[in-house]
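Under UniProt numbering, the sequence shown has 162 at position 162, and the numbering climbs by one with no breaks.
Have a look at the structure below before the remarks.
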Amino acid sequence: MIYWDLFWAFFISNLLGYGGGPSTIPLIQNEVVNEYHWMTLSEFGDLLAIANVLPGPIATKMAGFIGYQIGGVPGAFLALFATIAPSAAAVIMLFKFAERFKKSLHVKFMTKAVQPVIAVLLGVLVYQFFLSAFERSGLFHLALLASVSFIAMEKIKVHPALVILAALFYGGMLLS
Numbered sequence: 001m002i003y004w005d006l007f008w009a010f011f012i013s014n015l016l017g018y019g020g021g022p023s024t025i026p027l028i029q030n031e032v033v034n035e036y037h038w039m040t041l042s043e044f045g046d047l048l049a050i051a052n053v054l055p056g057p058i059a060t061k062m063a064g065f066i067g068y069q070i071g072g073v074p075g076a077f078l079a080l081f082a083t084i085a086p087s088a089a090a091v092i093m094l095f096k097f098a099e100r101f102k103k104s105l106h107v108k109f110m111t112k113a114v115q116p117v118i119a120v121l122l123g124v125l126v127y128q129f130f131l132s133a134f135e136r137s138g139l140f141h142l143a144l145l146a147s148v149s150f151i152a153m154e155k156i157k158v159h160p161a162l163v164i165l166a167a168l169f170y171g172g173m174l175l176s
């Protein structure tokens with residue numbers, strides 16, 4: 001049953017996650033944290049931070065890790081397959097229509113209409129992470145990390161991956 005749950009959680013998240021990686025992250029979070037309780041919100045946040053630092057698609061890295069944690073190698077395989085299957089099936093089935101309709105105004109409007117929904121989903125996820133970080137580390141550490149990260153990325157132009165690594169190091173050394 002756990003293998004079916006793993007497959008279904010990642011399949012549904014990626015089937016409904018129109019718009020790429022950013023739109024699937026809140027859906028995966030809902031399934032993994034709220035629906036099946038495989039991880040806490042803070043564990044999911046840590047995994048998301050690490051997945052952002054590593055190269056490649058975020059959803060597949062998260063699926064592989066969570067699948068392995070829950071069901072070993074077969075679980076990792078199923079979670080990865082469920083993550084890739086909706087997009088692969090859509091590409092195969094819709095490939096001949098993509099060329100015909102790529103300049104269609106309806107398709108362009110549909111793509112533009114999804115962007116605010118993705119922004120709201122990511123905003124909710126950020127709010128949940130903010131509350132979790134506030135509860136775990138307190139206002140001082142949260143404000144310090146946020147302000148130093150903002151200054152590093154916006155003023156000094158440090159690459160976000162380096163900022164994430166520095167924040168992970170800070171959290172691991174001072175907050176664990």
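All C-beta atoms, glycine included, are put in the ideal place defined by N, C-alpha and C.
> Leaving out five residues before and five after residue 53 in sequence, what residues of the same chain have Cβ atoms less than 7 Å from its Cβ?
Replying inline: So the qualifying residues of the chain are 161, 164, 165.
> In its own chain, which residues sit with a C-beta less than 8 Å from the C-beta of residue 49, not counting the 5 before and 5 after it?
Replying inline: 164, 167, 168
> Which residue's Cα is closest to the Cα of residue 119: 109, 23, 5, 14?
Replying inline: 23
> Roughly how many angstroms lie between the CA atoms of residue 159 and residue 51, to the nearest whole one?
Replying inline: 16 Å
>> Report the start-end ranges of each alpha helix (DSSP H) in the region 85-154 that is 4 residues or longer and not cut off at the edges.
In response: 105-150
> Span of the alpha helix (DSSP H) holding residue 38?
Replying inline: First-last for residue 38: undefined, no H or E at that position.
> Thinking C-alpha only, which one of 2, 156, 39 is nearest residue 74?
Replying inline: 2
>> Quick test of the definition: if touching needs 3 or more C-beta pairs under 8 Å, does the region 3-10 touch the region 99-108?
In response: no
> Whose C-alpha, out of 123, 70, 92, is nearest the C-alpha of residue 38?
Replying inline: 70
> Is the beta carbon of residue 27 less than 9 Å from the beta carbon of residue 41?
Replying inline: no
>> Whole angstroms are fine: how far does the CA of residue 140 sit from the CA of residue 56?
In response: Residue 56 and residue 140: Cα-Cα distance of roughly 33 Å.
> So residue 160 is in the alpha helix (DSSP H); what residue range does that whole segment cover?
Replying inline: 160-170
> Mind checking residue 62: buried by the 16 CB within 10 Å criterion, or exposed?
Replying inline: Residue 62 should be labelled buried.
>> Assuming residue 76 and residue 64 are in contact, meaning their beta carbons sit under 8 Å apart, how far apart are those beta carbons, in whole angstroms?
In response: Contact flag correct, Cβ pair sits at about 5 Å.
> Under a Cβ-count criterion, where at least 16 other Cβ atoms within 10 Å of its own Cβ denotes burial, should residue 34 be classed as buried or exposed?
Replying inline: Residue 34 is exposed by the Cβ-count criterion.
>> Between the alpha carbons of residue 134 and residue 156, how many angstroms are there, rounded?
In response: Approximately 26 Å, taken between the alpha carbons.
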